[in-house]
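One structure below.
Protein chains: 2
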Amino acid sequence: MAKISEPTVRRLSHYYRVLDEVAGEGQRTISSRILAEREGITSAQVRKDLSYFGSFGRRGLGYNVEHLRTEVRRILGLDRRWRVGVVGAGHIGSALLAYRGFGDQGFDVVAVFDTSAARVGHRLGEQVIRDMATLSEADALEMGVIATPMRAAQEVADALVAAGVRGILNFAPRKLRVPREVALRTVDMTMEFESLSFALSQARTPRRRRTAE
Amino acid sequence: MAKISEPTVRRLSHYYRVLDEVAGEGQRTISSRILAEREGITSAQVRKDLSYFGSFGRRGLGYNVEHLRTEVRRILGLDRRWRVGVVGAGHIGSALLAYRGFGDQGFDVVAVFDTSAARVGHRLGEQVIRDMATLSEADALEMGVIATPMRAAQEVADALVAAGVRGILNFAPRKLRVPREVALRTVDMTMEFESLSFALSQARTPRRRRTAE
DNA sequence: TTTTGTGAACGTGTTCACAGCG
DNA sequence: CGCTGTGAACACGTTCACAAAA
Numbered sequence: 020m021a022k023i024s025e026p027t028v029r030r031l032s033h034y035y036r037v038l039d040e041v042a043g044e045g046q047r048t049i050s051s052r053i054l055a056e057r058e059g060i061t062s063a064q065v066r067k068d069l070s071y072f073g074s075f076g077r078r079g080l081g082y083n084v085e086h087l088r089t090e091v092r093r094i095l096g097l098d099r100r101w102r103v104g105v106v107g108a109g110h111i112g113s114a115l116l117a118y119r120g121f122g123d124q125g126f127d128v129v130a131v132f133d134t135s136a137a138r139v140g141h142r143l144g145e146q147v148i149r150d151m152a153t154l155s156e157a158d159a160l161e162m163g164v165i166a167t168p169m170r171a172a173q174e175v176a177d178a179l180v181a182a183g184v185r186g187i188l189n190f191a192p193r194k195l196r197v198p199r200e201v202a203l204r205t206v207d208m209t210m211e212f213e214s215l216s217f218a219l220s221q222a223r224t225p226r227r228r229r230t231a232e
Numbered sequence: 020m021a022k023i024s025e026p027t028v029r030r031l032s033h034y035y036r037v038l039d040e041v042a043g044e045g046q047r048t049i050s051s052r053i054l055a056e057r058e059g060i061t062s063a064q065v066r067k068d069l070s071y072f073g074s075f076g077r078r079g080l081g082y083n084v085e086h087l088r089t090e091v092r093r094i095l096g097l098d099r100r101w102r103v104g105v106v107g108a109g110h111i112g113s114a115l116l117a118y119r120g121f122g123d124q125g126f127d128v129v130a131v132f133d134t135s136a137a138r139v140g141h142r143l144g145e146q147v148i149r150d151m152a153t154l155s156e157a158d159a160l161e162m163g164v165i166a167t168p169m170r171a172a173q174e175v176a177d178a179l180v181a182a183g184v185r186g187i188l189n190f191a192p193r194k195l196r197v198p199r200e201v202a203l204r205t206v207d208m209t210m211e212f213e214s215l216s217f218a219l220s221q222a223r224t225p226r227r228r229r230t231a232e
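First to last, the sequence lines map onto chains A and B.
When the letters of the first sequence are read in order and numbered with my numbering, they come out as residues 20 to 232.
When the letters of the second sequence are read in order and numbered with my numbering, they come out as residues 20 to 232.
Here's what the structure looks like:
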């Protein structure tokens with residue numbers, strides 16, 4: 020299969036969520052135009068995204084909601100369960116554990132780690148917090164979440180890779196080095212705030228349209 | 020000024036962080052090549068990004084760390100403080116309040132809201148949680164953070180816009196409608212997990228290289 | 001000689017527009 | 001006639017490569 024771009028994958032996630040909603044509303048079929056409207060993108064984009072994976076629609080009719088939902092689910096790899104380990108039992112780690120939505124989508128947090136002796140041994144959700152040093156291949160983790168302070172992040176990433184995870188979701192505001200075969204996604208809230216700050220700063224000089232250039 | 024792309028703004032955030040580190044190490048100057056290496060991008064990209072805003076370097080020498088840091092700080096709008104309101108005093112809201120890093124960068128959480136009577140009146144960090152209904156223009160908020168369940172997100176966004184915010188950071192996994200002049204950034208953790216799931220699913224059939232196409 | 005700043009070339013993702021089917 | 005699937009055109013972001021400056 021041709022390489023799929025990251026924006027396409029992100030849109031597939033959105034389509035999947037819209038299809039869930041639409042299925043709940045009892046709709047049997049949906050057109051690319053309607054799927055696009057809910058998304059704020061063009062219908063051509065929807066059709067192009069889906070065309071990378073096959074022909075799921077019927078000309079003149081649109082897409083069967085239930086069928087497309089099943090296909091997108093399979094494409095995204097949500098037709099199975101994933102073993103996830105969370106490192107860092109602070110605020111972000113706790114927030115992740117508390118959110119039921121991930122379990123519903125097939126992501127099972129099967130282990131939680133921390134280095135603080137004060138936290139190890141306590142429960143967090145359904146898990147008992149374990150010392151980071153006990154993380155090993157035996158946990159058979161497939162994904163790891165880094166919810167530690169910035170300075171520990173690279174070390175934790177290395178430990179996760181050594182333990183055999185193939186995907187990492189990083190919440191620490193730092194670029195991490197991982198082997199090419201390990202997928203890495205970073206959620207950097209500081210960067211999001213700074214992006215907003217930039218946008219708001221640019222938006223000043225609000226009367227430019229009325230003055231000469 | 021020409022329109023600046025979102026990837027450029029995100030990289031500026033990174034440059035700013037690297038410049039902080041490098042300043043701490045006592046370096047006086049830094050070349051685009053070194054700035055790029057810390058980032059994992061090309062030096063041409065660094066120079067191009069900076070060139071949108073001016074000429075900050077000296078040929079043959081590189082950039083003065085302290086000077087460039089000041090300029091990037093100004094470009095990102097971090098040479099002032101921003102009044103931020105957080106809506107939703109659950110796990111994500113609490114995590115944000117607990118993280119000191121935002122305050123250090125100029126983002127002051129000056130109000131926290133929730134709709135739950137059980138939470139209103141309690142402290143969260145330095146703030147007393149207020150009823151959502153008391154959110155008004157009088158708060159003079161410039162940015163709002165949506166840390167509520169998905170179903171409340173659009174309603175909260177409308178209230179924030181009515182209260183005069185010009186930027187919104189949304190943690191609810193839903194596309195929101197806001198006026199064009201309001202900047203919106205969404206952090207969708209479900210989408211990040213699904214993106215990892217997709218990447219790991221694609222990575223299967225690991226022996227493809229040894230078989231005929 | 002080193003390194004910036006930048007037009008040109010390139011590559012990638014989005015949109016157009018229409019043939020092809022239902 | 002309606003809507004999909006898709007090559008072609010387009011837009012935009014990245015990289016190249018080199019003149020200019022220190």
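From the three backbone atoms N, C-alpha and C, an ideal C-beta is built for every residue, glycine too.
If you're wondering where the values come from, they're calculated on a predicted model, not measured in any experiment.
In chain order, what residues of the same chain have a beta carbon less than 7 Å from the beta carbon of residue 91 of chain B, not counting five sequence neighbours either side? 31, 34, 35, 38
Check the Cβ-Cβ distances between residue 209 of chain A and every residue of chain B, and say whether any is below 8 Å. yes
If you draw a straight line from the alpha carbon of residue 62 of chain B to that of residue 216 of chain A, how long is it in whole angstroms? 25 Å
Please report the residue range of the beta strand (DSSP E) in which residue 121 of chain B lies. Counting along the chain, residue 121 of chain B falls outside any beta strand (DSSP E), though it belongs to the alpha helix (DSSP H) covering 120–124.
When we look at the beta-carbon of residue 84 of chain A and count the other beta-carbons within 10 Å, is it buried (16 or more) or exposed? buried
Taking a Cβ distance cut-off of 8 Å, strictly less, list which residues of the segment 149–179 of chain A are near chain B, in chain order. 161, 162
Rounded straight-line distance, which links the Cα of residue 41 of chain B to that of residue 27 of chain B: 20 Å
Near-chain B residues of the segment 56–90 of chain A - C-beta to any C-beta below 7 Å: 58, 59
For residue 147 of chain B, count neighbouring C-beta atoms within 10 Å of its own C-beta (all shown protein chains included) and say buried if the count is 16 or more, exposed if not. exposed
Quick check: the Cα distance between residue 162 of chain B and residue 69 of chain B, rounded to an integer number of angstroms? 26 Å
Taking the straight line between their C-alpha atoms, what separation do you get for residue 262 of chain B and residue 195 of chain B? Residue 262 of chain B lies beyond the range of chain B shown here (20 to 232); nothing can be said about it.
For chain A, is any of its Cβ atoms less than 8 Å away from the one on residue 192 of chain B? yes
For residue 81 of chain B, collect the residues of the same chain with a Cβ closer than 6 Å to its Cβ; drop the 5 residues on either side in sequence, then sort them by chain order. 48, 49, 50
Does the Cβ-Cβ distance between residue 171 of chain A and residue 109 of chain A come in under 8 Å? no
Against chain B, which members of the segment 120–151 of chain A pass a CB distance test of less than 8 Å? 120, 121, 124, 125, 126
Quick one: complete beta strand (DSSP E) runs, 3+ long, within the segment 42–84 of chain B? 81–83
Starting from residue 162 of chain B, trace the beta strand (DSSP E) both ways and give me its first and last residue. 162–165
For residue 72 of chain A, the nearest candidate out of A:222, A:20, A:128 (CA to CA): A:20
Given 8 Å as the limit, is there contact between the segment 110–119 of chain A and the segment 109–127 of chain B, that is, 3 or more CB pairs closer than that? yes
Compare the Cα-Cα distances from residue 210 of chain A to each of B:125, B:221, B:155, B:29 and report the closest residue. B:29
Using C-beta distances below 7 Å, list every residue in its chain close to residue 99 of chain A, excluding the 5 sequence neighbours before and after it, in chain order. 125
Pull up the distance between the alpha-carbon of residue 178 of chain B and that of residue 128 of chain A, whole angstroms please. 35 Å
Which whole runs of the beta strand (DSSP E) in the segment 132–211 of chain A are 3 residues long or more, in chain order? 146–150, 162–165, 186–189, 202–205
Could you confirm whether any beta carbon from chain A is found closer than 8 Å to the beta carbon of residue 54 of chain B? no
Is the Cβ of residue 222 of chain A closer than 8 Å to any Cβ of chain B? yes
Any idea which residues DSSP pairs residue 104 of chain B with across the strands? B:130, B:163
Would you mind working out which of B:176, B:57, B:23 sits nearest residue 104 of chain B, comparing C-alpha positions? B:176
Along chain A, in chain order, which residues have C-beta atoms closer than 8 Å to that of residue 38 of chain B? Within chain A, no residue comes near residue 38 of chain B; the closest Cβ sits about 13 Å away, beyond 8 Å.
Local conformation of residue 99 of chain B per DSSP, three classes: coil
C-alpha distance - residue 55 of chain A paired with residue 67 of chain A, whole-angstrom precision: 12 Å
With the cut-off set at 8 Å, would you say residue 219 of chain A and residue 186 of chain B are in Cβ contact? yes
Hey, does residue 49 of chain B have any beta-carbon neighbour from chain A nearer than 8 Å? no
Do residue 130 of chain A and residue 149 of chain A count as a contact pair if the criterion is CB distance below 8 Å? yes
Less than 8 Å between CB atoms is the rule here; does residue 44 of chain A satisfy it with respect to chain B? no
Going by beta carbon distance, what residues of the same chain come within less than 7 Å of residue 22 of chain A, once the five residues before and after it are set aside? none
Give the C-beta separation of residue 132 of chain B and residue 160 of chain B to the nearest angstrom, bearing in mind that I take them to be a contact with Cβ-Cβ under 8 Å. At roughly 10 Å, the Cβ-Cβ gap does not stay under 8 Å, so residue 132 of chain B and residue 160 of chain B are not in contact.
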